[in-house]
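Chemist: One structure coming up, written as structure tokens, with questions to follow.
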Amino acid sequence: MKWIPVIVGTLALLTAACTEHFTTPGSCPTLCPGGQAQFRDTVLTPIQGADSSFTGFVDPADLVSTLSSSGGVYGEHRAVFRFVAQGDSITVSDTSRTFTIDSVGIDIGVQDRDTTSTNFVLEIYRLPLTLDTTATFAQVDAAMTPANELIEVPEPQSFRTGIVHVNFAGDSLARVLVAAADSGVLQIGIRVRADAPTGTRIGTPASGDFAPLLSTYAEAIGVVDSLKPQLSTRIAQRYFTVTPPAAPIPSDLLAVGGFPVSRSFLRFSLPPYLRDSATIIRATLVLHADAPVVGIPGDSATVDASAVLVDFGAKSPAITGAFSAFVMYPGDSLVTLEVGPLITLWQGPTGTPPILRLNLVEEGGSYIFPLFHSTRSSSGPPTLRITYRPPFAFEGY
Amino acid sequence: MRRILASLVLAAGLVGTAQAQSSEFGIRGLGLPGRGLSARALALGGGIGLFDGESSTNPAAIGMLTTTTALFTTSGDYRNSTTPEGSLSNRDTRFPQILIGGPIPRRPFAIAVSYSLLTDRDFTVVTDGVATPRDVPVNVHDTLSSRGGIDDIQLGAAWLASSHLVLGAGLHFLTGSNRLTSRRYWEDTTYQSPQETAELSYGGLGVSVGAIWQPVHGFELAGSYRHNGNVTVDRDSTGNGQVKFATATIGIVPMADAISGAIRITPSPRLQLSGSITASNWSRADSSLMAQGSPGSANTVEENFGIEIFRDMRRPLKYPIRLGVRNTTLPFLLIADGQPKEFGVSIGTGRRFAQERGGFDIAIQHVWRSQGAAYHENATIITFGISVRPGGITP
Numbered sequence: 002m003k004w005i006p007v008i009v010g011t012l013a014l015l016t017a018a019c020t021e022h023f024t025t026p027g028s029c030p031t032l033c034p035g036g037q038a039q040f041r042d043t044v045l046t047p048i049q050g051a052d053s054s055f056t057g058f059v060d061p062a063d064l065v066s067t068l069s070s071s072g073g074v075y076g077e078h079r080a081v082f083r084f085v086a087q088g089d090s091i092t093v094s095d096t097s098r099t100f101t102i103d104s105v106g107i108d109i110g111v112q113d114r115d116t117t118s119t120n121f122v123l124e125i126y127r128l129p130l131t132l133d134t135t136a137t138f139a140q141v142d143a144a145m146t147p148a149n150e151l152i153e154v155p156e157p158q159s160f161r162t163g164i165v166h167v168n169f170a171g172d173s174l175a176r177v178l179v180a181a182a183d184s185g186v187l188q189i190g191i192r193v194r195a196d197a198p199t200g201t202r203i204g205t206p207a208s209g210d211f212a213p214l215l216s217t218y219a220e221a222i223g224v225v226d227s228l229k230p231q232l233s234t235r236i237a238q239r240y241f242t243v244t245p246p247a248a249p250i251p252s253d254l255l256a257v258g259g260f261p262v263s264r265s266f267l268r269f270s271l272p273p274y275l276r277d278s279a280t281i282i283r284a285t286l287v288l289h290a291d292a293p294v295v296g297i298p299g300d301s302a303t304v305d306a307s308a309v310l311v312d313f314g315a316k317s318p319a320i321t322g323a324f325s326a327f328v329m330y331p332g333d334s335l336v337t338l339e340v341g342p343l344i345t346l347w348q349g350p351t352g353t354p355p356i357l358r359l360n361l362v363e364e365g366g367s368y369i370f371p372l373f374h375s376t377r378s379s380s381g382p383p384t385l386r387i388t389y390r391p392p393f394a395f396e397g398y
Numbered sequence: 006m007r008r009i010l011a012s013l014v015l016a017a018g019l020v021g022t023a024q025a026q027s028s029e030f031g032i033r034g035l036g037l038p039g040r041g042l043s044a045r046a047l048a049l050g051g052g053i054g055l056f057d058g059e060s061s062t063n064p065a066a067i068g069m070l071t072t073t074t075a076l077f078t079t080s081g082d083y084r085n086s087t088t089p090e091g092s093l094s095n096r097d098t099r100f101p102q103i104l105i106g107g108p109i110p111r112r113p114f115a116i117a118v119s120y121s122l123l124t125d126r127d128f129t130v131v132t133d134g135v136a137t138p139r140d141v142p143v144n145v146h147d148t149l150s151s152r153g154g155i156d157d158i159q160l161g162a163a164w165l166a167s168s169h170l171v172l173g174a175g176l177h178f179l180t181g182s183n184r185l186t187s188r189r190y191w192e193d194t195t196y197q198s199p200q201e202t203a204e205l206s207y208g209g210l211g212v213s214v215g216a217i218w219q220p221v222h223g224f225e226l227a228g229s230y231r232h233n234g235n236v237t238v239d240r241d242s243t244g245n246g247q248v249k250f251a252t253a254t255i256g257i258v259p260m261a262d263a264i265s266g267a268i269r270i271t272p273s274p275r276l277q278l279s280g281s282i283t284a285s286n287w288s289r290a291d292s293s294l295m296a297q298g299s300p301g302s303a304n305t306v307e308e309n310f311g312i313e314i315f316r317d318m319r320r321p322l323k324y325p326i327r328l329g330v331r332n333t334t335l336p337f338l339l340i341a342d343g344q345p346k347e348f349g350v351s352i353g354t355g356r357r358f359a360q361e362r363g364g365f366d367i368a369i370q371h372v373w374r375s376q377g378a379a380y381h382e383n384a385t386i387i388t389f390g391i392s393v394r395p396g397g398i399t400p
């Protein structure tokens, strides 16, 4: 009978080692207490007249791209960069020393350009420091004279994106030098031209690898030869785009992007059954542009819809991380944004305001500028299609 | 000492996850009824339950505890369930019976408190299908899960009225909760798959009385009657999106009364026969459950029979052979047509050691449950009970 403890022990271990596995193949309605989940659809439009656009967002320092274009569908834009001041000395072997400049290089990051236009030329001008962000397009363009031109850089037809490097040495060096006593600041303006109206996006320091750079090759005075060649690199401290005054945005349209930058706000009234007791499983915001958007062929821009924390009108702060994105390409006129996670934030007694903020991710740095129909438009207002589940009948047996 | 260590090793192996029995027959209504029996009684088909102080079916049986006793049982369930959608094997672990009790010194009374499962609603149901929420077909997978059920906490007392008669009474607190989760997964990931949750809590009271009478040596009779009141079902919370609802009473379910009778015959010192029958009027709950979407409930009759063979008369509790058979109807209908039923056979044994200060019992049951031809399952249930009697052998 010595085998009895062995059997008992084995059975005890089987009991203890049992892994939970509850799943039963369902057979509704027999094995579905509470019934089967129901799903419904509803379409909401913004509160009549409560969808609005505001213009004037985005500081120039926040731009990822500046624009430079030569009319046509792109309009007129000029890009301006002001580099950090050049000092009157450089440090070599822990000692500040005077120097002589050997050459100067300028890097311009072209993020995208219209390759359908031929004979593309990048014109780089030295601009007076009196032209700052308050300068008008006319003032900046007027300063782009042959006398102020630093260089013209023709690019081949195949050139779409990359770093344009120009170097100034010898006779041309004086054109870019700014004495330290005279602020030491170099400001340049960029204009483009081609056989047809064209446009380009030029990177700013916020764009990373496409940041404009001013490199100075200098020789320190009073050091051994091996320490003489010195390089100082300076980034643009200010940058902005100037453009002729834009036409007013039609009151029946919602502007997103453009220059100066516009954002739009859509205000909804969420019915109580959605706010209090439904489980929202999908919500799709549909926006109709008044016309197909234009831009550099192949370029794109992203329309973001964000939830806002509180309704402060044009200054309503968006909730970080609560957004939905849709990528628009030139020619697009329909935007569909999946905003389900944002709409769920509106639910409950402590929900956020039922508002969606629309903005362009590349604010101020894209030619794509959709104007969407609003509730004031004769057709195609924004719609929010919500698919939801009414409360499940858990109390069902 | 070696034997004690071996027994402790066996007991240590029992540490596992606390979950309850799940069965397709526990999905509708209040769940699958529990049994409130010790491992020994389960091995005997339940026939001895009304005489067993370590079970909770008869408060008079508490008087059978001759010393302070603590009992803990765990159960593993290996099951194959079949529905019209297919078959699936599943398994779970539960702790179906816990009891502490014993006699009051120098008084003809014994008391006990016990925990047992009254009904069990552990299940997960998975269904697949196609939904067309925006007139576009999307494959979906639904999961409905429930964990919990109704527990029975009994405070019982027995009076040893004479050497042949024991009377008992018990107060039953019906409590417990169901944690329910519903989730739909969409294969089109533009649809979110949030889960909706709720917790139902149960509360009610019941009373029971019972007696054990030994008119002649080797022949005993037992009977008990239990009355359960209504169970109030509260929905404690429901999560829909970010919204939580306040607690609300969503139903009152009348619980079944049960009347039981049992007989135990000891024709020889080596052999003990026991049998019992229990009738419950679960039809009381029918209208209430139907109002909440259930197919309803029906009265049940349970018949149990067991044989215990003592191999060693000097130490009768050293690996006796226990055999049992059970036949019952189940109260909660899966479909309106017919009534589910269960048939089971069992075998088991046990051992007392350290002068009966410790002991274990084991029962292996195999049950067949069915309603109609479409819904059936069979399960092997291994139940292991550990008992501790600090006082050891008592006169």
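In order, the protein sequences belong to chains A and B. Heads up: the first sequence is residues 2 to 398, going by our numbering. Heads up: the second sequence is residues 6 to 400, going by our numbering. Note that CB positions come from ideal geometry on N, CA and C, so glycine has one too.
(1) In chain B, which residues lie with their C-beta within 8 Å of the C-beta of L214/A?
(2) Go through the stretch 242–271 of chain A residue by residue and report every complete run of the beta strand (DSSP E) that reaches 3 residues or more, in order.
(3) T194/B to N144/B, Cα distance in whole Å?
(4) Compare the C-beta of E192/B against all C-beta atoms of chain A and say whether one is closer than 7 Å.
(5) Taking any Cβ of chain A, which residues in the stretch 114–142 of chain B have a Cβ under 7 Å from it, in chain order?
(6) So I90/A and T101/A are in contact, right, with Cβ under 8 Å, and what is the actual spacing, rounded?
(7) Could you please give me the residues that DSSP links to E361/B through a beta bridge?
(8) Go ahead and label R331/B buried or exposed: buried means 16 or more other beta carbons lie within 10 angstroms of its beta carbon, across all protein chains shown.
(9) Measure the beta-carbon distance from G296/A to P331/A and round it to whole angstroms, keeping in mind my assumption that it falls under 8 Å.
(10) Got a sec? Which residues, its chain only, sit under 6 Å from L357/A by beta carbon, not counting five neighbours each side?
(11) Where does the unbroken beta strand (DSSP E) through R41/A begin, and where does it stop?
(12) Drop a sphere of 10 angstroms on the beta-carbon of N95/B, count the other beta-carbons inside from all chains shown, and report buried for 16 or more, exposed for fewer.
(13) Rounded to the nearest angstrom, how far is the Cβ of F178/B from that of I155/B, given a contact under 8 Å?
(14) Can you name the start and end residues of the beta strand (DSSP E) that Y324/B belongs to?
(15) Once you ignore the five residues that flank A216/B on each side, which residues in its own chain have a CB closer than 6 Å to its CB?
(16) For the beta strand (DSSP E) that A174/B lies in, which residues bound it at each end?
(17) Could you check if A290/B is buried or exposed, using at least 16 other CB atoms within 10 Å of its CB as the buried criterion?
(18) Which whole-angstrom value is the C-beta distance of D366/B and R45/B, which I expect to be below 8 Å?
(19) Verify whether the separation of the beta carbon atoms of F327/A and L335/A is less than 7 Å.
(20) Please list, in chain order, all residues of the same chain as P318/A whose beta carbon is under 6 Å from its beta carbon, the five residues on each side excluded.
(21) Under 6 Å Cβ to Cβ from H78/A, same chain only, skipping five residues before and after it: list those, please.
(22) In chain B, what lies closer than 9 Å to G36/A by C-beta?
(23) Using a Cβ-Cβ distance under 7 Å, would F395/A count as near chain B?
(24) Go ahead and pull the three-state DSSP assignment for Q140/A.
(25) Considering only DSSP beta bridges, list what P259/B is partnered with.
(26) List the residues of chain B whose Cβ lies closer than 9 Å to the Cβ of S282/A, in chain order.
(27) Could you give the first and the last residue of the continuous beta strand (DSSP E) run that contains R45/B?
(28) Kindly list, in the order they appear in chain B, the residues whose Cβ is closer than 8 Å to that of Y274/A.
(29) Quick check: what's the CA-CA separation for S421/B versus Q360/B?
(30) Whose Cβ in chain A lies nearer than 7 Å to the Cβ of I255/B?
(31) In chain order, what residues of the same chain lie with their CB nearer than 7 Å to the CB of F169/A, ignoring the 5 residues before and after it?
(32) Determine the burial state of E396/A: buried for a count of at least 16 other Cβ atoms within 10 Å of its Cβ, exposed for fewer.
(33) Nearest to P371/A by alpha carbon, out of T162/A, P354/A, H289/A, S325/A?
(34) Can you tell me whether DSSP reads N360/A as helix, strand or coil?
(35) Taking 7 Å as the threshold (C-beta atoms), are D291/A and S375/A in contact?
(36) Checking 7 Å against the spacing of the C-beta atoms, do R33/B and F337/B come in under that value?
Modeler: According to the structure data:
(1) For the purposes of this step, residue 214/A is taken as the residue at position 213 of the first sequence. The contacting residues do not exist; L214/A stays about 43 Å from chain B at best.
(2) Every beta strand (DSSP E) of 3 residues or more that sits fully in the stretch 242–271 of chain A is shown, in chain order, as 254–256, 262–268.
(3) The residue labelled residue 194/B in the question sits at position 189 within the second sequence. The residue labelled residue 144/B in the question sits at position 139 within the second sequence. Distance from the CA atom of T194/B to the CA atom of N144/B, rounded to whole angstroms, is 11 Å.
(4) Looking up residue 192/B in the second sequence gives position 187. Judged by the 7 Å Cβ criterion, E192/B is not in contact with chain A.
(5) Listed by position along the chain: D127, F128, T129, V130, V131, T132, A136, P138, R139.
(6) Position 89 of the first sequence, counted from the first residue, corresponds to residue 90/A. Position 100 of the first sequence, counted from the first residue, corresponds to residue 101/A. Reading off the sequence, residue 90/A comes out as Ser, not Ile. Between S90/A and T101/A a beta carbon distance of about 12 Å is seen, past the 8 Å cut, so the two are scored as non-contacting.
(7) The residue labelled residue 361/B in the question sits at position 356 within the second sequence. Bridge partners of E361/B: none, in fact.
(8) Counting from one through the second sequence, the residue named residue 331/B turns up at place 326. Flag for R331/B reads buried.
(9) Looking up residue 296/A in the first sequence gives position 295. Looking up residue 331/A in the first sequence gives position 330. The pair is a contact, with the Cβ atoms about 4 Å apart (cut-off 8 Å).
(10) As a working note, residue 357/A is residue 356 in the first sequence. Answer for L357/A: L267, A306, listed in chain order.
(11) On the first sequence, residue 41/A is found 40 positions in, with the first residue counted as 1. Residue range 41–45 is occupied by the beta strand (DSSP E) that includes R41/A.
(12) The sequence position of residue 95/B within the second sequence is 90, counting from 1. So N95/B counts as buried.
(13) Position 173 of the second sequence, counted from the first residue, corresponds to residue 178/B. Position 150 of the second sequence, counted from the first residue, corresponds to residue 155/B. For F178/B against I155/B, the beta-carbon gap comes to about 10 Å, at or over 8 Å, which does not count as contact.
(14) The count along the second sequence starts at 1 and reaches residue 324/B at position 319. No beta strand (DSSP E) holds Y324/B; DSSP gives it neither H nor E.
(15) As a working note, residue 216/B is residue 211 in the second sequence. Excluding five sequence positions before and after A216/B, the CB atoms of its chain that fall closer than 6 Å to its own CB belong to A65, L172, G228, given in chain order.
(16) To locate residue 174/B, count along the second sequence from 1; it is residue 169. DSSP places A174/B in the uninterrupted beta strand (DSSP E) bounded by 170–191.
(17) Reading the second sequence from its first residue, position 285 is the one you call residue 290/B. Classification of A290/B: buried, given that the 10 Å Cβ count is 16 or more.
(18) Within the second sequence, the letter at position 361 stands for residue 366/B. Within the second sequence, the letter at position 40 stands for residue 45/B. Taking 8 Å as the upper bound for CB-CB distance, D366/B and R45/B are in contact here, some 4 Å apart.
(19) The residue you call residue 327/A lines up with position 326 of the first sequence. The residue you call residue 335/A lines up with position 334 of the first sequence. Cβ distance not < 7 Å, so F327/A and L335/A don't count as in contact.
(20) Walking along the first sequence from the start, residue 318/A turns up at place 317. Only L310 meet the Cβ criterion.
(21) The sequence position of residue 78/A within the first sequence is 77, counting from 1. Same-chain partners within the cutoff: L68, S69, S70, T242, T244.
(22) Along the first sequence, one-based indexing puts residue 36/A at 35. Taking a Cβ-Cβ threshold of 9 Å, the residues of chain B close to G36/A are G298, in chain order.
(23) As a working note, residue 395/A is residue 394 in the first sequence. Yes, contact with chain B.
(24) Position 139 of the first sequence, counted from the start, is the residue given in the question as residue 140/A. Reduced to three states, the DSSP call for Q140/A is helix.
(25) In the second sequence, residue 259/B corresponds to position 254, counting from 1. In the DSSP output, where bridge partners are listed per residue, P259/B has N235/B.
(26) Here residue 282/A refers to the residue found at position 281 of the first sequence. The sequence as given places Ile at residue 282/A; Ser does not occur at that position. The answer, in chain order, is P138, R189, W191, Y196, Q197, S198, P199.
(27) Position 40 of the second sequence, counted from the start, is the residue given in the question as residue 45/B. It is not in any beta strand (DSSP E) - R45/B instead sits in the alpha helix (DSSP H) that spans 44–48.
(28) If you number the first sequence from 1, residue 274/A lands on position 273. Within chain B, no residue comes near Y274/A; the closest Cβ sits about 10 Å away, beyond 8 Å.
(29) Residue 421/B cannot be examined here, being either before or after the span of chain B that is shown, 6 to 400.
(30) Residue 255/B sits at position 250 when you count from the first residue of the second sequence. Residues of chain A with a Cβ closer than 7 Å to the Cβ of I255/B are, in chain order, E396.
(31) Locating residue 169/A in the first sequence gives position 168, where the first residue counts as 1. S104, V105, R176, V177, listed in sequence order.
(32) If you number the first sequence from 1, residue 396/A lands on position 395. E396/A should be labelled buried.
(33) Position 370 of the first sequence holds residue 371/A. Considering only alpha carbons, the answer is H289/A.
(34) Looking up residue 360/A in the first sequence gives position 359. DSSP places N360/A in strand when its eight states are reduced to three.
(35) Here residue 375/A corresponds to residue number 374 of the first sequence, with the count starting at 1. Here residue 291/A corresponds to residue number 290 of the first sequence, with the count starting at 1. The Cβ atoms of S375/A and D291/A lie no closer than 7 Å to each other.
(36) On the second sequence, residue 33/B is found 28 positions in, with the first residue counted as 1. On the second sequence, residue 337/B is found 332 positions in, with the first residue counted as 1. The answer is yes: Cβ separation under 7 Å.
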